[in-house]
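Under our numbering, the first residue of the sequence shown is numbered 19, with each subsequent residue one higher. By construction, the Cβ of each residue, glycine as well, lies at the ideal position given by its N, Cα and C atoms. Data block below; observations after.
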Amino acid sequence: MGLRSLIGQIVGIPLRAAGYDVVKRRASEFQFDHYSPWMSGGDARYDEVFQKANAIANWVPGRSDAVPMMRERMYVPYWAARNALRLNGDFVECGVYRGGSATICAEATRGAVEGRRFYLFDTFSGTPKANLEESEADFEHQRADTNVDVVRERLAEYGDFPVIVQGKVPDTFAELPEFPVAYLHIDINTAFATSASLEFFYERLVEGAVVVLDDYGWEAFSAQRQQVNAFAAARGALVLPLRCGSGILVKA
Numbered sequence: 019m020g021l022r023s024l025i026g027q028i029v030g031i032p033l034r035a036a037g038y039d040v041v042k043r044r045a046s047e048f049q050f051d052h053y054s055p056w057m058s059g060g061d062a063r064y065d066e067v068f069q070k071a072n073a074i075a076n077w078v079p080g081r082s083d084a085v086p087m088m089r090e091r092m093y094v095p096y097w098a099a100r101n102a103l104r105l106n107g108d109f110v111e112c113g114v115y116r117g118g119s120a121t122i123c124a125e126a127t128r129g130a131v132e133g134r135r136f137y138l139f140d141t142f143s144g145t146p147k148a149n150l151e152e153s154e155a156d157f158e159h160q161r162a163d164t165n166v167d168v169v170r171e172r173l174a175e176y177g178d179f180p181v182i183v184q185g186k187v188p189d190t191f192a193e194l195p196e197f198p199v200a201y202l203h204i205d206i207n208t209a210f211a212t213s214a215s216l217e218f219f220y221e222r223l224v225e226g227a228v229v230v231l232d233d234y235g236w237e238a239f240s241a242q243r244q245q246v247n248a249f250a251a252a253r254g255a256l257v258l259p260l261r262c263g264s265g266i267l268v269k270a
């Protein structure tokens with residue numbers, strides 16, 4: 019390790035502890051520090067929420083180097099859920115897996131959602147084969163290491179706020195009652211199901227509601243991104259791509 023790198027690491031320790039991230043660019047183009055509340059120590063409440071959710075979802079098993087990225091990534095639904103508290107409407111998540119991001123939302127809104135519901139949609143048996151794009155052929159049966167009963171038990175502490183709906187999207191939307199939506203998190207991986215989720219829920223979104231698109235920026239999900247961009251453009255909207263790989267769309 020060179021002297022410059024060593025000095026950078028030493029200087030970065032107190033900055034990260036205070037909630038600031040140190041960002042570097044190659045070839046010494048620029049280097050700066052910026053406020054990053056998702057970093058460990060940056061937001062004590064978020065620290066608690068993330069640790070609880072990560073223990074459930076096990077997002078980065080054996081990859082301690084990937085934890086900072088997941089902390090940043092999960093701060094997006096954490097922020098969006100808190101934003102939804104100032105709006106009227108229910109909460110929706112398409113793609114639940116083990117209940118990690120659902121825990122993020124439920125914890126972020128704990129004690130402030132009386133009379134509201136959090137609708138959670140997943141097969142709880144992995145990605146179905148139907149409607150996969152050519153680039154998604156390897157997605158079949160991914161995320162199958164989950165179980166609806168286990169997830170239901172994990173979310174039981176939040177009372178009647180979570181409403182778990184098992185089955186394929188968009189088939190499971192057919193019997194839903196009419197309700198306004200203040201928060202929409204889509205982490206369903208495939209282009210078809212993501213587009214179907216947007217098509218169904220976008221008109222239900224209240225003004226100011228945020229759509230969190232978990233996989234928007236990842237190259238493996240480029241087919242999904244193309245369809246999301248077309249959807250947004252048809253409505254005069256733009257998706258904001260984030261450094262962590264997610265994207266957000268705000269209902270105006």
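Exposure of Asn106 is indicated by the presence of fewer than 16 other C-beta atoms within 10 angstroms of its C-beta. Check the Cα spacing between Ala73 and each of Met57, Gly117, Met87: the tightest is with Gly117. In this structure, Tyr93 lies away from Pro146, with their beta-carbon atoms at least 9 Å apart. Excluding five sequence positions before and after Leu223, the CB atoms of its chain that fall closer than 6 Å to its own CB belong to Val199, Lys269, given in chain order. If the five residues before and after Thr190 are omitted, its C-beta is found closer than 8 Å to the C-beta atoms of Phe139, Val183, Gln184, all from its own chain and listed in chain order.
With contacts defined by Cβ atoms closer than 9 Å, Ala209 and Gln244 form a contacting pair. Assignment of beta-bridge partners to Glu171 by DSSP yields no partner. Phe179 places its beta carbon 9 Å or farther from that of Ala99. Counting along the chain, Glu111 sits inside no alpha helix (DSSP H); it lies in the beta strand (DSSP E) bounded by residues 108 to 112. The distance from the Cβ of Ala71 to that of Ser143 is about 22 Å, inconsistent with a contact at the 8 Å cut-off. Just measuring C-alpha positions, the residue of Tyr96, Pro195, Leu216 sitting nearest Thr127 is Tyr96. Put simply, the segment 220 to 237 does not touch the segment 166 to 178. Fewer than three CB pairs are less than 8 Å apart. Annotated three-state conformation of Phe179 is coil, per DSSP. Residue state for Ala255 is assigned as coil, using DSSP reduced to three classes. By the neighbour-count criterion, in which 16 or more other beta carbons inside 10 Å mark a residue as buried, Ser82 falls on the exposed side. Going by DSSP, Val199 is part of the beta strand (DSSP E) stretching over 199 to 204.
The three-state secondary structure of Glu225, taken from DSSP, is strand. Look at Gln184 here: in three-state DSSP terms it is strand. By the neighbour-count criterion, in which 16 or more other beta carbons inside 10 Å mark a residue as buried, Asn207 falls on the buried side.
Sorting Val181, Thr141, Glu151, Arg170 by C-alpha distance to the C-alpha of Ala162 places Thr141 at the top.
Annotation for Asp65: the continuous alpha helix (DSSP H) segment containing it runs 62 to 75. Residue environment analysis places Val168 among the exposed positions, since fewer than 16 neighbouring C-beta atoms fall within 10 angstroms of its C-beta. Residue state for Phe191 is assigned as helix, using DSSP reduced to three classes. Within its own chain, the residues whose Cβ lies closer than 7 Å to the Cβ of Arg91, once the five positions on either side in sequence are excluded, are Cys262, Gly263, Ser264, listed in chain order. In its chain, beyond the 5 residues on either side, Cys112, Thr212, Ser215, Leu231 have a beta carbon closer than 6 Å to the beta carbon of Ile204.
Per DSSP, the unbroken alpha helix (DSSP H) holding Gly118 starts and ends at 118 to 126.
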